[in-house]
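Single-structure report; data block below.
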Amino acid sequence: MQSSRSLSAWNKSQQYIPGGVNSPVRNFSKVEGHPRFIDRGQGSKIYDIDGNEYIDYVASWGPLVLGHAHPDVVTAISAAASRGTSFGAPTTLETELAEIVVNAVPSIEKVRLVNSGTEATMSAIRVARGYTGRDKIVKIDGCYHGHVDYLLAKAGSGVATFGLSDSGGVPEDFARNTLTIPFNDPKALRTTVEANQDEIACLILEPIMGNMGIIPPHDGYLNEIREITEENGIVLIFDEVITGFRVAYGGAQTYFDVIPDMTCLGKIIGGGLPVGAYGGKHEIMKYVAPEGDVYQAGTLSGNPLAVTAGITTLNNLAEQGVYEKLEEKASALAEGLAAATKKHNIDAWHSRVGSMLMLYFTPETVTNADGARTADTDRFRQYFWGLLENGIYIAPSQFEAGFVSLVHTDEDINATVNAASEVLSKLQNS
Ligand code: HOZ
Numbered sequence: 039m040q041s042s043r044s045l046s047a048w049n050k051s052q053q054y055i056p057g058g059v060n061s062p063v064r065n066f067s068k069v070e071g072h073p074r075f076i077d078r079g080q081g082s083k084i085y086d087i088d089g090n091e092y093i094d095y096v097a098s099w100g101p102l103v104l105g106h107a108h109p110d111v112v113t114a115i116s117a118a119a120s121r122g123t124s125f126g127a128p129t130t131l132e133t134e135l136a137e138i139v140v141n142a143v144p145s146i147e148k149v150r151l152v153n154s155g156t157e158a159t160m161s162a163i164r165v166a167r168g169y170t171g172r173d174k175i176v177k178i179d180g181c182y183h184g185h186v187d188y189l190l191a192k193a194g195s196g197v198a199t200f201g202l203s204d205s206g207g208v209p210e211d212f213a214r215n216t217l218t219i220p221f222n223d224p225k226a227l228r229t230t231v232e233a234n235q236d237e238i239a240c241l242i243l244e245p246i247m248g249n250m251g252i253i254p255p256h257d258g259y260l261n262e263i264r265e266i267t268e269e270n271g272i273v274l275i276f277d278e279v280i281t282g283f284r285v286a287y288g289g290a291q292t293y294f295d296v297i298p299d300m301t302c303l304g305k306i307i308g309g310g311l312p313v314g315a316y317g318g319k320h321e322i323m324k325y326v327a328p329e330g331d332v333y334q335a336g337t338l339s340g341n342p343l344a345v346t347a348g349i350t351t352l353n354n355l356a357e358q359g360v361y362e363k364l365e366e367k368a369s370a371l372a373e374g375l376a377a378a379t380k381k382h383n384i385d386a387w388h389s390r391v392g393s394m395l396m397l398y399f400t401p402e403t404v405t406n407a408d409g410a411r412t413a414d415t416d417r418f419r420q421y422f423w424g425l426l427e428n429g430i431y432i433a434p435s436q437f438e439a440g441f442v443s444l445v446h447t448d449e450d451i452n453a454t455v456n457a458a459s460e461v462l463s464k465l466q467n468s
């Protein structure tokens with residue numbers, strides 16, 4: 039497969055951009071190679087600047103549940119752009135998106151729009167601290183909540199991909215109030231809460247871990263942490279940047295029927311443009327300035343183009359049968375991959391919730407970050423390149439989720455399973 043144009047684009051980008059990329063996991067260094075530079079996307083496919091076509095399971099890391107360049111989204115954004123790209127003053131579009139979100143997500147009575155998931159989690163935690171008057175926070179090993187200083191301890195996503203335990207440039211003092219516990223371990227939460235009575239402002243977690251591969255919660259886990267946080271006046275924050283409008287219209291909280299106090303959103307609610315959001319009960323959200331004294335602001339927050347893309351995407355997702363369709367496509371893919379690893383006797387753990395899925399190269403059952411860390415990343419590297427060479431684009435990391443979108447066809451899924459089977463046949467366990 040020809041990739042000389044991507045290679046020279048990367049050589050040039052490295053002269054001007056750290057690592058040649060604007061977000062670390064886009065760099066292919068952990069799979070040993072150079073990234074493909076993308077020219078365009080259409081439906082389930084992306085095309086690189088060398089003219090190669092790929093079936094895309096990255097989907098811009100989750101937002102593109104309708105696929106690339108969906109005609110409704112393109113038309114709506116174009117019309118919005120012709121009316122002006124930013125005003126720094128309220129528009130009725132922002133209220134329209136907020137209303138959709140409030141009606142869809144059970145925990146959200148009021149919502150503030152921001153520009154990224156990072157802004158959403160950082161702001162939600164500030165509000166939780168303002169509301170409770172407490173400083174400490176609890177996070178889960180392997181959950182990733184953006185690049186907020188005190189949330190990079192034991193984070194997933196690029197931090198895990200590049201084998202870092204945390205980030206440089208974060209003074210120890212900043213992370214002093216961050217306590218980290220394992221996923222799927224309610225006892226660890228009880229112990230931490232007992233040792234820090236009346237000091238913990240919030241517990242933040244991805245209800246389905248999505249930055250360490252895909253790790254679903256055990257039955258009852260979310261209910262138990264809901265009980266513990268409620269009993270102890272701790273704000274429970276679900277980071278649904280990935281799962282929001284992905285596993286169900288109302289997110290993982292609807293899927294599992296466990297309602298947190300606050301929720302962070304991003305990705306899908308921006309339909310491929312930069313948006314984040316945080317919201318919760320009015321009782322908590324009234325602390326946000328200018329109603330309350332917890333400050334948070336943004337020049338481009340509620341940007342009309344981004345909000346338009348979000349409204350259009352969510353309106354499409356509100357149609358009947360959408361999540362059943364996603365489930366059908368993703369289960370066909372997951373079953374095909376599981377059959378292929380079995381056929382070729384490959385040690386593998388397959389994980390899937392709705393249209394999010396992951397194949398870990400490990401004989402272990404993955405239930406938390408330590409389990410995910412047992413995966414054979416060298417084997418993943420070989421799998422990744424085998425797929426890419428066959429026109430299948432997955433994230434260049436064992437710890438980033440795969441996403442199925444509404445535009446993946448049966449043909450795409452069959453082609454993916456066949457390619458995977460061929461690649462896996464060459465990786466057979468000895
Ligand atoms: N934080 C994203 C992965 N979980 C990566 C975003 C990107 O590189 O675009």
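If you want our numbering, it's the position in the sequence shown, counting the first as 1, plus 38.
The beta-carbon is built from N, C-alpha and C at its ideal position, and this holds for glycine as well.
| query | Between which two residues does the alpha helix (DSSP H) containing isoleucine 315 stretch? | reply | According to the sequence displayed, residue 315 carries alanine and not isoleucine. Counting along the chain, alanine 315 falls outside any alpha helix (DSSP H), though it belongs to the beta strand (DSSP E) covering 314-318.
| query | Is the closest heavy atom of ligand 1 to the C-beta of valine 63 under 7 Å? | reply | Correct: valine 63 has its Cβ closer than 7 Å to ligand 1.
| Outcome for alanine 127 when other beta-carbon atoms lying within 10 angstroms are tallied against a minimum of 16 | By the 10 Å Cβ count, alanine 127 comes out exposed.
| message | Do glycine 314 and asparagine 60 have their beta-carbon atoms positioned less than 8 Å apart in this structure? | response | Taking C-beta atoms as the reference points, asparagine 60 and glycine 314 fail to come closer than 8 Å.
| Going by the C-beta, is tyrosine 182 closer than 7 Å to any heavy atom of ligand 1? | Checking every heavy atom of ligand 1 against the Cβ of tyrosine 182, one is found closer than 7 Å.
| said: Could you check if glutamate 278 belongs to the surroundings of ligand 1, using beta carbon to heavy atom distance under 7 Å? | reply: Not one heavy atom of ligand 1 lies closer than 7 Å to the C-beta of glutamate 278.
| request: Return the CA-CA distance between glutamate 157 and valine 69, expressed in angstroms with no decimal places. | output: Taking the straight line from one Cα to the other gives about 29 Å.
| field | Closest Cα partner of phenylalanine 422 within the set Lys177, Val332, Asp94, Gly330 | value | Checking every option, the nearest Cα to that of phenylalanine 422 belongs to Asp94.
| Assuming serine 124 and methionine 300 make a contact with CB atoms under 8 Å, what is their CB distance in whole Å? | The C-beta distance from serine 124 to methionine 300 rounds to 27 Å, too long to fall under 8 Å, and the pair is not in contact.
| How many angstroms separate the CA atom of leucine 227 from the CA atom of valine 140? | Answer to the nearest angstrom: the Cα atoms are 29 Å apart.
| Would you report the Cα separation of glutamate 147 and lysine 324, rounded to the nearest angstrom? | Looking at the two C-alpha atoms, the distance is approximately 11 Å.
| ligand 2 heavy atom lying under 7 Å from the CB of asparagine 249 | For the structure depicted, ligand 2 is absent and the ligand set comprises only ligand 1.
| field | Limits of the alpha helix (DSSP H) - the one that isoleucine 266 falls within | value | That run of the alpha helix (DSSP H) goes 259-269.
| request: Please go through the same chain and pick out, in chain order, the residues whose beta-carbon is closer than 6 Å to the beta-carbon of asparagine 406, but skip the five residues on each side of it. | output: Cβ within range, chain order: Pro220, Phe221, Asn222.
| Beta-bridge pairing of histidine 382 - partner residues as DSSP gives them | None, per the DSSP bridge assignment.
| field | Rounded straight-line distance, which links the Cα of valine 208 to that of lysine 192 | value | Using only the alpha carbons, I get a separation of about 13 Å.
| said: By alpha-carbon positions, which one of Leu102, Gly122, Thr229, Ser46 ends up nearest to isoleucine 87? | reply: Comparing Cα-Cα distances from isoleucine 87 to each of Leu102, Gly122, Thr229, Ser46, the minimum goes to Ser46.
| Given 8 Å, three or more beta-carbon pairs between the segment 332-339 and the segment 370-381 | At 8 Å Cβ cutoff, the stretches do not touch.
| message | For threonine 454 and lysine 319, I'd like the C-alpha separation in whole angstroms. | response | One C-alpha to the other measures close to 43 Å.
| Any non-hydrogen atom of ligand 1 closer than 7 Å to serine 195 Cβ | Indeed, a heavy atom of ligand 1 lies less than 7 Å from the Cβ.
| query | Looking at the structure shown, is glycine 79 part of a helix, part of a strand, or coil, going by DSSP? | reply | Here glycine 79 sits in strand by DSSP.
| Span separating the alpha-carbon of tryptophan 48 from that of glycine 424 | About 21 Å.
| message | Alpha carbons only, please: which of Phe418, Val186, Leu189, Asn249 is nearest the one belonging to glycine 196? | response | Distances from the alpha-carbon of glycine 196 to those of Phe418, Val186, Leu189, Asn249 put Asn249 closest.
| query | Which whole-angstrom value is the C-beta distance of cysteine 302 and glycine 155, which I expect to be below 8 Å? | reply | Separation of the CB atoms of cysteine 302 and glycine 155 is rounded to 6 Å, and the pair is thereby assigned contact status at 8 Å.
| Check: glutamate 438 C-beta below 7 Å from any heavy atom of ligand 1 | In this structure, glutamate 438 has its beta carbon less than 7 Å from a heavy atom of ligand 1.
| field | For tyrosine 92, three-class secondary structure by DSSP | value | The three-state reading of DSSP puts tyrosine 92 in strand, counting E and B together.
| With DSSP run on the structure shown, which of helix, strand or coil describes tyrosine 293? | Here tyrosine 293 carries a helix assignment [DSSP, helix/strand/coil].
| request: Would you kindly report the start and end of the unbroken alpha helix (DSSP H) that includes aspartate 448? | output: It spans 448-463 - the alpha helix (DSSP H) in which aspartate 448 sits, taken as one unbroken run.
| request: Can you check the segment 189-222 for any beta strand (DSSP E) of at least 3 residues that lies completely inside it and give the ranges in chain order? | output: For the segment 189-222, whole beta strand (DSSP E) runs of length 3 or above, ordered along the chain, are 216-219.
| For threonine 301, the three-state DSSP class (helix, strand or coil) | Threonine 301 falls in the strand class under three-state DSSP.
| query | If you count every other CB in all the chains shown that lies within 10 Å of the CB of threonine 113, and 16 or more means buried, which is it? | reply | Threonine 113 is exposed by the Cβ-count criterion.
| message | Considering only the alpha carbon of each residue, which of Gly57, His183, Pro62 lies closest to threonine 216? | response | Closest option to threonine 216, Cα to Cα, is His183.
| Proximity below 8 Å, CB of proline 224 to CB of isoleucine 266 | The answer is yes: Cβ separation under 8 Å.
| field | Three-state secondary structure (DSSP) of arginine 150 | value | Strand.
| query | Can you tell me whether threonine 447 is buried or exposed, with buried defined as 16 or more other CB within 10 angstroms of its CB? | reply | By the 10 Å Cβ count, threonine 447 comes out exposed.
| task | Have a look at the DSSP bridge pairing and note the partners of tyrosine 182. | result | Answer is none; tyrosine 182 lacks a bridge partner.
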